[in-house]
Amino acid sequence: MPVELVGKTLPGALPVHLVARDGLDAAGLAPAAIAWARANGFSGEAGRTLVVPGENGALGGALFGIGDGEGALALGALSKALPEGDWHFALAPAEAELAAIALLLGGYVFTRYGKKPGRALRFGLPADVDAGRVRRIVDGVFLTRDLVNTPTSDMGPEDLEQAVRTLAARHKAEVSVIKGDDLLDRNFPMIHAVGRASTSAPRLIDMRWGQQDAP
Numbered sequence: 002m003p004v005e006l007v008g009k010t011l012p013g014a015l016p017v018h019l020v021a022r023d024g025l026d027a028a029g030l031a032p033a034a035i036a037w038a039r040a041n042g043f044s045g046e047a048g049r050t051l052v053v054p055g056e057n058g059a060l061g062g063a064l065f066g067i068g069d070g071e072g073a074l075a076l077g078a079l080s081k082a083l084p085e086g087d088w089h090f091a092l093a094p095a096e097a098e099l100a101a102i103a104l105l106l107g108g109y110v111f112t113r114y115g116k117k118p119g120r121a122l123r124f125g126l127p128a129d130v131d132a133g134r135v136r137r138i139v140d141g142v143f144l145t146r147d148l149v150n151t152p153t154s155d156m157g158p159e160d161l162e163q164a165v166r167t168l169a170a171r172h173k174a175e176v177s178v179i180k181g182d183d184l185l186d187r188n189f190p191m192i193h194a195v196g197r198a199s200t201s202a203p204r205l206i207d208m209r210w211g212q213q214d215a216p
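In structure tokens form, the structure reads like this:
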């Protein structure tokens, strides 16, 4: 499900403990949580999530296996494994920014033709993570995924140009387009050859952002 990152740990947020392979005893867990993990055959194997009960049978947290040292991107699996609610890492991952990116990427949902999910996980960010930078990176990936996942009936050359112009307007970038027979005049015969039979003229789209003299 989608993930929302928040700038601090929310009151009542549940902890996610990262557990190395055969590392239950070294993970700083309560004895009851260790017993629960062993009863469920959890030993920190990579990619596995185990929800742990708290007092009176209520949800108490979760364990996530990192195996022999899985990279932070593996934490994206949490977005599909955890129940909705507020969460935080019991201890910040070694690559905290990458972990935050992974959480958001794991929650990607293509919603163009369906309803947007109404539920979400909220995750408290480690203190040293730049939320704005994380969001910009993830927004770029999500845009690319949306473009790739859209069928060509709705993402032909004209549609792609419009998507580029929308992005350019948002970031004050410049867009130039060479299309149709102008491609031949400008020495782009292969682009013309590939798309000339389409009802939407082939085109070369060039987007430029930033200072012209920037390195």
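Numbering of the sequence shown is given in the numbering used here, commencing with residue 2 and proceeding in unit increments. C-beta: ideal position from N, C-alpha, C; glycine also.
Would you kindly work out how many angstroms separate the C-alpha atoms of Leu83 and Thr50, rounded to a whole number?
Between Leu83 and Thr50, the C-alpha separation is close to 8 Å.
Return the chain-ordered list of same chain residues with a C-beta closer than 8 Å to the C-beta of Gly70, the five sequence neighbours on each side being excluded.
Taking C-beta separations shorter than 8 Å and ignoring five residues to either side along the sequence, the partners of Gly70 in its chain run Ala21, following chain order.
Between Ala28 and Trp88, how many whole angstroms is the CB-CB distance? I'm expecting something under 8 Å.
Between Trp88 and Ala28 the Cβ distance is about 16 Å, and since that is not below 8 Å, they are no contact.
Quick one: which unbroken alpha helix (DSSP H) runs of 4-plus residues sit fully inside the stretch 158-202? Chain order, please.
Runs of the alpha helix (DSSP H) inside the stretch 158-202: 158-172, 183-186, 190-196.
Could you tell me the alpha carbon to alpha carbon distance between Arg146 and Ala169, rounded to whole angstroms?
18 Å
With C-beta atoms as the reference, is Asp140 less than 9 Å away from Glu98?
no
Return the first residue and the last residue of the beta strand (DSSP E) that Ala97 is part of.
Per DSSP, Ala97 belongs to no beta strand (DSSP E); it is in the alpha helix (DSSP H), 97-107.
Inspect the beta-carbon positions of Glu159 and Met208 and report whether they are closer than 9 Å.
no
Is it a yes or a no for the stretch 73-82 touching the stretch 46-63, going by three-plus beta-carbon pairs under 8 Å?
yes
By the DSSP assignment, the alpha helix (DSSP H) with Leu148 in it spans what residues?
132-150
Do the stretch 110-120 and the stretch 52-64 make contact, defined as three or more Cβ pairs closer than 8 Å?
no
Helix or strand or just coil, what does DSSP make of Glu56?
helix
Excluding the 5 residues flanking Pro3 on each side, which residues of the same chain have their C-beta closer than 7 Å to its C-beta?
Gly108, Val110, Pro118, Ala121
Can you give me the Cβ contacts of Ile179 inside the same chain, cut-off strictly under 6 Å, excluding the 5 residues immediately before and after it?
Arg187, Leu205
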